[in-house]
Each structure stands twice: as C-alpha cells, then as structure tokens.
Amino acid sequence: MLGAGHGIRLGRIFRGDGRTLIFAIDHGFFMGPVKGVEKPLEVLEKVVEAGADAVMTTYGIMKNYASSLARKDLGWILTLLDTSPTTVEKSVASAVALGADAVKVFVSYGSENMKRDLDILWAVNMACREYGLPVLAEMYPVSRPSPEEVAKMARIGAEYGGDFVKTVYTGDAASFRYVVETCPVPVVVLGGEKIESEQQVLEMVRDSVSVGGAGAAIGRNIFQHPDPADITRALVKIIHSDTQRRL
1175 MLGAGHGIRL
1185 GRIFRGDGRT
1195 LIFAIDHGFF
1205 MGPVKGVEKP
1215 LEVLEKVVEA
1225 GADAVMTTYG
1235 IMKNYASSLA
1245 RKDLGWILTL
1255 LDTSPTTVEK
1265 SVASAVALGA
1275 DAVKVFVSYG
1285 SENMKRDLDI
1295 LWAVNMACRE
1305 YGLPVLAEMY
1315 PVSRPSPEEV
1325 AKMARIGAEY
1335 GGDFVKTVYT
1345 GDAASFRYVV
1355 ETCPVPVVVL
1365 GGEKIESEQQ
1375 VLEMVRDSVS
1385 VGGAGAAIGR
1395 NIFQHPDPAD
1405 ITRALVKIIH
1415 SDTQRRL
C-alpha cells in the first residue's frame, strides 16, 4: 500500500490539472558538455524561473545544483544510471537520500537489452514501493514505431509498475488519443532530438495534451533554443492552459 509520501512527491511533479512540463537535463552523462548545458546552473535557473514543473536529471546535477534554485515546489526526477538488479536497492535509497521526488528508468524498447531493462524497471518499482517513491518509465524505441507500437510500449511501462510513462509522440492527435486511453497512468511526450521548427514542438505538445496527454519532458528543444526561458513559458502556457481541454 502506498503512503502519503507517494502522492506528495507526485504533487511536486504534476500540477493540480494533472499535467506537467519536465525539463530534461540528463544528457551530460552520455554526451558530455552538450551545447546549451555547458553551464548547467545558468540554464536551470532560466527554465525553472520560467515555470517548468520538474527537472529530470542525473545524480551529479541534482547534488550540485538543487539547493541553489529558489523554487522549493520544484519536482526532481532522478535518472538512474547503470542500475542492475543487484544494485537497485542502493540506487533507490540514494535517490531518496538526495531528495528525489521520482526516479526514471530507461527501457530500450525493441533492443536486445529490452528484457534486462524491463527486469530493472520491475525491480526498481518494487524497491520504490517501500519508500513511497514514484517511478517514471521511459519507453524509448530503437526504430520508428507505429502508433500501435507506441500504445503497446506505454501500456507495458504501466504494467511493469510505472506511475507515469514518457514516450514518443505518434505524429498526430487522433492516434495519440489511443495511446492515452489504453494506458492506465499519465503519459508525457518526449522532445527527442533538436527540432529546427519551434512551431513543430509547440504543436506536438498542444496536440498531445488536447487528447489527454499529461504534458511533456523536453530537453534539447529547450536548452538548445536561442531563448530557453521564452520557449519554456510558451510550453507551460500550452500545457496548463484552460483551453487545452480533452477533445
């Protein structure tokens, strides 16, 4: 049985409307000082001040910068790195000690490592139940999936215990509606690689929330934007606007 802590933590990630804008800044552990996050604190301050609801990041970024940010209602999602079934307990305990509101587990859907990733997702979920710590299941395909495959990925992430799921957009609102309606937990779209058209990013997020999506987790399309604060404000307005009711 989940205690009050589970709901309190989710409440720092999702607003009362059940939606969220998550700023993804966990790229450094595999890409190094990628363009836009050479100085993490600078971009964090801009994006957080502009209204992002949560930050998804690594242990090092959270440890070094979380206490420097003014907003104390900010949600923190810790990306678990190099976790194995034998290290799950330590990873989850470290996340709790650090002050994380959730942990993220990455599943490489369709890869040769998929079974291992799902085993880790399950083990992390079981460990997190003891702490009332929510789990974000990132279901990422190795090849371009059909809308039916996206729905399958999201559902599997939920079935393995994810409290919310992050996955790719299907390309249109009608097919994404099916993803949302067949997944029993909130679904947020990921931003993926840098998209040259700002309007395309905004339309993707607008269309996804219009059919019941729970928001977005955006990284490069925020921190590689010429004005990270400006694009953040635009995304927040779309996600949390009263006009974005489910169609």
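Position in the sequence shown counted from 1, then plus 1174, gives you the numbering used here.
All residues carry an ideal CB built from backbone N, CA and C; glycine is no exception.
As the structure is a prediction and not an experimental result, all values here were calculated from the model.
With the rule of 3 Cβ pairs closer than 8 Å, the region 1381-1401 counts as touching the region 1206-1226. Apart from the 5 residues on each side of it in sequence, Asp1191 sits with its Cβ closer than 8 Å to the Cβ of His1414 in its chain, given in chain order. Taken in chain order, the whole alpha helix (DSSP H) runs of length 4 or more contained in the region 1313-1372 are 1321-1333, 1347-1355. DSSP places Ser1282 inside the beta strand (DSSP E), whose first and last residues are 1276-1283. The three-state secondary structure of Phe1397, taken from DSSP, is helix. If you check the CB distance, Ala1198 and Thr1406 do not come in under 8 Å. Counted as a single uninterrupted DSSP element, the alpha helix (DSSP H) harbouring Thr1406 occupies residues 1402-1414. Three or more beta-carbon pairs drawn from the region 1274-1294 and the region 1303-1317 are found closer than 8 Å, and the two stretches are therefore classed as touching.
Cβ-Cβ distances below 7 Å link Val1270 to Tyr1305, Leu1307 in the same chain, with the five nearest sequence neighbours on each side left out; the list follows chain order. Per DSSP, reduced to three states, the secondary structure at Leu1272 is helical.
If you look at Val1211, you'll find it isn't in any alpha helix (DSSP H); DSSP assigns it neither H nor E.
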